[in-house]
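For the sequence shown, the UniProt record's numbering begins at 1 and goes up steadily by one.
Note that beta-carbon positions come from the ideal geometry of N, C-alpha and C, so glycine has one too.
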Amino acid sequence: MYLGPNWGIEFSENGLNFWRPFGSSNWGNYKLFIDQSGKIGIGRKPITHALEVNGRVWTTQGLLITSDERLKRNVVDINGMCLSKLAKLNGKFYEKQISSETDRRKNVMKMLSEGKISNEESQAALSSLSRVADGDSYKKEFGFMAQEVKDLFPELVEQDADGIYAVNYTGLIPILVEAIKELQVKIKALENNGQVSL
């Protein structure tokens, strides 16, 4: 069903799909997708998590993650093991792919097969994809290689249905805090021995 000239809504792939036809700005599938189990995707079809977003998320009030001790069991202190593991991590500056041409081409072909766009529109869409600057598909950022983090802190890395790894950067905070404490103990010991003065 079309909602005006620039939006469509349909039941597809076991969910409600809001999409934009070719020719409108930001055209494509999965602008908003709600599957039958209630999972929501923005810019992608959700597969694993309650909310999956392809793009940046902005919040004015921050992000809160439950951390109440009443919800936890088998609690173990992590002191004494963080510094040596962190020393093996290598921070990087890189360009991360945010939207591959292959994914965009698949989206065009899917919209064509579903009758959302005509052959002519699909050809125009594919032609426009080849004109997209390579830099538009990548974002510069600082971070870690998920595979490297997985080797040292496997609990902080997850894989999506497509095999793409993600890092729980928030989970690194307690590790960083404990590493700082370890350094503080070492500095105090050096100060007490008169080897260093800060």
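Limits of the beta strand (DSSP E) - the one that residue i falls within
{"i": "I34", "result": "28-35"}
{"i": "L51", "result": "51-53"}
{"i": "E43", "result": "Sequence check: residue 43 is Gly here, not Glu. Where G43 is concerned, there is no enclosing beta strand (DSSP E), given that its DSSP letter is neither H nor E."}
{"i": "E158", "result": "157-159"}
{"i": "Y169", "result": "Looking at the DSSP string, Y169 is not in any beta strand (DSSP E), and its letter there is neither H nor E."}
Contact check, residue i vs residue j, beta carbons under 8 Å
{"i": "K92", "j": "Y138", "result": "no"}
{"i": "C82", "j": "I175", "result": "yes"}
{"i": "Y30", "j": "G23", "result": "no"}
{"i": "G181", "j": "N79", "result": "For the record, residue 181 in the displayed sequence is Lys; it is not Gly. Going by C-beta atoms, K181 is nearer than 8 Å to N79."}
{"i": "K85", "j": "F153", "result": "yes"}
{"i": "V149", "j": "V177", "result": "no"}
{"i": "L89", "j": "F144", "result": "yes"}
{"i": "S128", "j": "L112", "result": "no"}
{"i": "R94", "j": "E52", "result": "Note that residue 94 corresponds to Tyr in the displayed sequence, not to Arg. Their beta carbons are not under 8 Å apart, which means Y94 does not touch E52 by this criterion."}
Reference residue i, options the options, closest by Cα
{"i": "I98", "options": "T66, E148, N54", "result": "N54"}
{"i": "L172", "options": "I164, Q184, L183, V157", "result": "V157"}
{"i": "A87", "options": "A179, T59, Q61, R104", "result": "A179"}
{"i": "G38", "options": "V57, L16, S25, T59", "result": "L16"}
{"i": "R44", "options": "W27, T60, W58", "result": "W27"}
Beta-ladder partner(s) of residue i, from DSSP
{"i": "R20", "result": "G28"}
{"i": "F11", "result": "L16"}
{"i": "K140", "result": "E95"}
{"i": "Q147", "result": "In DSSP, Q147 forms no bridge with anything."}
8 Å contact criterion, which residue i and residue j should meet: CB distance rounded
{"i": "K116", "j": "P21", "result": "6 Å"}
{"i": "T170", "j": "I34", "result": "Actually they are not in contact, since the Cβ atoms of T170 and I34 sit about 26 Å apart, beyond 8 Å."}
{"i": "T48", "j": "A161", "result": "6 Å"}
{"i": "N14", "j": "Q36", "result": "5 Å"}
Residue i, enclosing alpha helix (DSSP H) - first and last residue
{"i": "I187", "result": "172-192"}
{"i": "L86", "result": "82-86"}
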